[in-house]
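Taking this note's numbering, the leading residue of the sequence shown gets 7, the next gets one more, and so forth.
In this text, a Cβ means the ideal position worked out from N, Cα and C, and glycines have one as well.
Keep in mind that this is a model prediction, so the values were computed, not measured.
Down below is the structure, laid out as structure tokens.
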Amino acid sequence: MIDIRTMDRDRALEALIAIWREQGTLAEDNLERGRGAASASGERLDRALSKLGLVSDAAFAAGWSAVTAWPLVEAWPSEPISVPGVPDRFLVRSGLVPLGIEDRILRLAVADPLDAFSLAAVSAKTGLTVAPHIAKPAELQAALEKIDAASGAVAGLDESFGGLASDVDRLRDLASEAPAIRAIETMIERAVDIGASDIHVLPTVNGGRVRIRVDGVLRDIASWTRDLTATVTSRLKVMAGLDIAEARLPQDGRLRVPHRGVELDLRVATIPHVHGEGVVLRVLHRARATPDLGSLALSPEVLAGLERVIAASNGLLLVTGPTGSGKTTTLYATLQRLARPDRNIITVEDPVEHTLDGAAQVQIDRRIGFDFAQALRSVLRHDPDVVMIGEIRDGETAAIAVRAALTGHLVLATVHTNSAIAAVPRLVDMGVEPWLLASTLRGAMAQRLLRRLCPSCRVTSAAQYDQFLHLAGARALRCEAVFEPAGCPQCSGTGYRGRIAVGEFVAAAPALVAAIGERANGQALEEAAPPYLHLLDDALRRVVAGETSLSEVTRVLGDTIVEGRA
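Below, the structure is given as structure tokens:
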């Protein structure tokens with residue numbers, strides 16, 4: 007335990023680094039990277055490490071707590087606490103958040119443990135004894151924002167973002183456009199912590215709205231002024247390497263940001279709206295472990311179909327569904343099952359969304375003319391055993407994929423259709439010869455994601471039970487009750503926590519293969535297909551099991567129900 011008041015800055019930082027090393031939270035290469043950036047930019051080492059995402063928030067707070075012997079913040083006040091005689095602006099600029107005043111003791115969360123002046127100034131001004139506490143930077147920033155909310159700016163700790171040329175550039179850039187930088191960090195921090203897949207910045211008549219998609223559903227998280235919305239949009243375009251002067255055409259880019267000690271990849275898309283440019287950020291968690299096929303909790307029929315296909319040495323597997331239905335995750339889980347030293351696996355994607363150890367992953371770049379078709383032609387010259395195509399979007403890509411399957415490769419690909427059977431006419435419409443498709447197709451799978459009911463607050467529903475009996479009429483499905491969402495603190499009042507995958511798998515049986523070769527239409531293909539578990543049947547099973555609600559099934563599979571599969 008060290009008395010921080012009698013310790014110089016260098017000794018304090020040395021003690022902090024020693025603790026991080028001892029705890030295993032700071033790798034040597036990251037330490038050297040942080041030292042280089044700090045030296046070149048003039049930033050303090052601990053802050054450089056934190057801002058570059060090389061030390062997590064939890065490690066940052068725990069380390070300083072160990073050095074100073076100051077306690078960690080365990081709970082934050084629900085509303086900002088005023089300190090008599092101390093302006094809120096001083097607290098914000100100094101990075102101090104009042105936690106409470108009791109028995110002439112003022113508890114303060116501090117941003118900088120080495121800032122003895124600010125603590126002494128507060129004590130002298132108020133006549134109170136100051137008891138400093140250590141907080142996680144992101145939590146402290148959120149608390150500072152509440153204090154400074156009346157000013158219309160987002161205040162708090164200076165944090166860094168990726169997408170810049172170097173670590174030094176990241177640190178130096180903090181001095182410019184601070185409100186926009188902080189607003190972006192707050193937006194991303196909150197979205198990622200909640201588990202959002204997408205972040206939307208929507209310009210409106212009087213300002214802007216920030217929305218996030220969680221478990222497939224959008225929700226508002228912030229409202230901004232018109233000026234801040236425009237500044238944030240411009241800042242995001244700079245970070246993503248887009249043309250900041252071009253506001254009339256859509257643009258696409260990518261950026262990288264530090265979060266909790268790791269770096270996140272974000273896909274950025276802009277589009278002109280009536281009231282300004284809209285921006286959507288897709289959050290890509292490349293560092294997350296690739297799930298195992300068995301861990302996806304797919305229905306036994308679907309899982310068995312997938313396993314039969316990947317047991318073959320060649321052929322084509324199609325996984326279908328709308329954007330955000332988990333197709334890529336399923337394919338990566340399948341590749342994880344296929345991965346072994348004697349197989350050459352190559353993926354072609356836009357963008358690469360997961361990292362798969364042992365696979366060669368290729369990311370296309372249309373800006374330089376490197377599209378799916380060109381990438382596939384090159385990939386096939388690299389002797390692959392298994393090829394995964396992120397999405398078949400055009401006839402040339404479809405033709406190459408089918409011919410690759412015909413010449414001894416196992417090809418896995420996604421395509422946007424509403425059902426498994428619909429993937430066949432979709433590829434034929436793209437120009438693939440039916441006889442080629444019939445010769446190579448091993449199976450097609452359709453998938454959707456349904457929100458999982460929160461087990462802590464789900465309640466039975468008589469109305470949904472009556473609807474279930476109607477839908478389950480001809481099916482051998484029976485249950486005593488169905489559940490609907492209620493809402494509680496554990497699920498943030500939504501009634502749902504996480505999602506589950508439902509699917510259907512159609513095997514390329516002889517009758518179906520013959521129908522494909524004869525250019526049969528969708529209805530004829532459905533009749534020629536072997537019996538299989540449909541999406542709606544799988545979803546209703548999950549209702550029976552109490553995993554999801556009938557209203558969620560209707561929301562996600564409304565088209566399937568309307569098409570008469572009920």
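Spatial distance of residue i from residue j (CA atoms)
| i | j | result |
| --- | --- | --- |
| residue 164 | residue 241 | Low confidence applies here, because residue 164 scores a pLDDT of 36, under 50, leaving its location unreliable; read the following figure in that light. Their backbone Cα atoms lie some 15 Å apart in a straight line. |
| residue 306 | residue 534 | 22 Å |
| residue 232 | residue 187 | 16 Å |
| residue 326 | residue 379 | 19 Å |
| residue 405 | residue 436 | 9 Å |
| residue 12 | residue 141 | With a pLDDT of only 47 at residue 12, under the threshold of 50, the placement of this residue in the model should not be trusted; the figure read from the coordinates follows. The alpha-carbon atoms of residue 12 and residue 141 are separated by roughly 22 Å. |
| residue 208 | residue 273 | 16 Å |
| residue 19 | residue 262 | 28 Å |
| residue 197 | residue 185 | 18 Å |
| residue 391 | residue 359 | 21 Å |
| residue 485 | residue 238 | 51 Å |
| residue 73 | residue 297 | 39 Å |
| residue 211 | residue 98 | 30 Å |
| residue 300 | residue 58 | 36 Å |
| residue 214 | residue 374 | 33 Å |
| residue 250 | residue 216 | 20 Å |
| residue 560 | residue 311 | 26 Å |
| residue 146 | residue 84 | 13 Å |
| residue 377 | residue 395 | 12 Å |
| residue 339 | residue 353 | 13 Å |
| residue 492 | residue 549 | 16 Å |
| residue 133 | residue 127 | 10 Å |
| residue 287 | residue 206 | 6 Å |
| residue 41 | residue 118 | 19 Å |
| residue 150 | residue 468 | 46 Å |
| residue 488 | residue 223 | 22 Å |
| residue 490 | residue 466 | 6 Å |
Range covered by the beta strand (DSSP E) that runs through residue i
| i | result |
| --- | --- |
| residue 502 | 502-513 |
| residue 231 | 223-231 |
| residue 83 | Where residue 83 is concerned, there is no enclosing beta strand (DSSP E), given that its DSSP letter is neither H nor E. |
| residue 459 | 447-459 |
| residue 390 | Residue 390 -> no beta strand (DSSP E), and no H or E assigned at all. |
| residue 108 | 102-108 |
| residue 351 | 351-355 |
| residue 119 | First-last for residue 119: undefined, no H or E at that position. |
Integer-rounded CB distance, given that residue j should sit under 8 Å from residue i
| i | j | result |
| --- | --- | --- |
| residue 563 | residue 545 | 6 Å |
| residue 414 | residue 511 | With 8 Å as the limit, residue 414 and residue 511 do not qualify as a contact, their Cβ atoms being about 24 Å apart. |
| residue 355 | residue 265 | No, residue 355 and residue 265 are not in contact; Cβ-Cβ is about 22 Å, not under 8 Å. |
| residue 131 | residue 92 | 6 Å |
| residue 341 | residue 362 | 6 Å |
| residue 219 | residue 204 | 4 Å |
| residue 470 | residue 556 | 4 Å |
| residue 343 | residue 440 | Contact doesn't hold; Cβ gap of about 30 Å is too wide. |
| residue 447 | residue 514 | 5 Å |
| residue 278 | residue 317 | That belief does not hold up - the Cβ atoms of residue 278 and residue 317 are roughly 49 Å apart, past 8 Å. |
Proximal residues to residue i (C-beta, below 6 Å), its chain only, five neighbours per side dropped
| i | result |
| --- | --- |
| residue 309 | none |
| residue 247 | 259 |
| residue 558 | 456 and 457 |
| residue 417 | 322, 393, 407, 410 and 411 |
| residue 106 | 113 |
| residue 518 | 534 and 535 |
Spatial neighbours of residue i in its chain, beta-carbon cut-off 8 Å, leaving aside the 5 residues before and after
| i | result |
| --- | --- |
| residue 158 | The predicted model places residue 158 with a pLDDT of 43, which falls under 50 and marks its position as unreliable, so this point remains unresolved. |
| residue 32 | 23, 26, 55, 60, 61 and 65 |
| residue 389 | 350 |
| residue 333 | 325, 326, 327, 420 and 453 |
Cβ shell of residue i (< 7 Å), same chain only, five flanking positions each side left out
| i | result |
| --- | --- |
| residue 138 | 76, 114, 116 and 125 |
| residue 458 | 502, 503, 504, 505, 506, 553 and 554 |
| residue 25 | 69, 72 and 73 |
| residue 432 | 421 and 423 |
| residue 335 | 297 |
Boundaries of the alpha helix (DSSP H) in which residue i is found, first to last residue
| i | result |
| --- | --- |
| residue 525 | Residue 525 -> no alpha helix (DSSP H), and no H or E assigned at all. |
| residue 429 | 429-435 |
| residue 337 | 333-344 |
| residue 382 | 378-385 |
| residue 128 | 122-132 |
| residue 476 | 468-477 |
| residue 247 | Residue 247 -> no alpha helix (DSSP H), and no H or E assigned at all. |
Any non-hydrogen atom of the ligand HEM closer than 7 Å to residue i Cβ
| i | result |
| --- | --- |
| residue 108 | As far as ligands go, the structure on display features none, and thus does not contain the ligand HEM. |
Would you call the segment 520-534 and the segment 456-470 touching, i.e. three or more CB-CB distances under 8 Å? no
Indicate whether the contact test is met: 3 or more Cβ pairs, each with one atom in the segment 399-416 and one in the segment 364-372, closer than 8 Å. no
Counting Cβ pairs, one atom from each stretch, are 3 or more of them under 8 Å apart for the segment 53-65 and the segment 99-115? The segment 53-65 vs the segment 99-115: no contact.
With three or more beta-carbon pairs closer than 8 Å as the criterion, would you say the segment 270-284 touches the segment 250-262? yes
Pairs of beta-carbons, one from the segment 279-286 and one from the segment 411-425, closer than 8 Å: are there three or more? No: the two stretches stay apart, fewer than three of their Cβ pairs being nearer than 8 Å.
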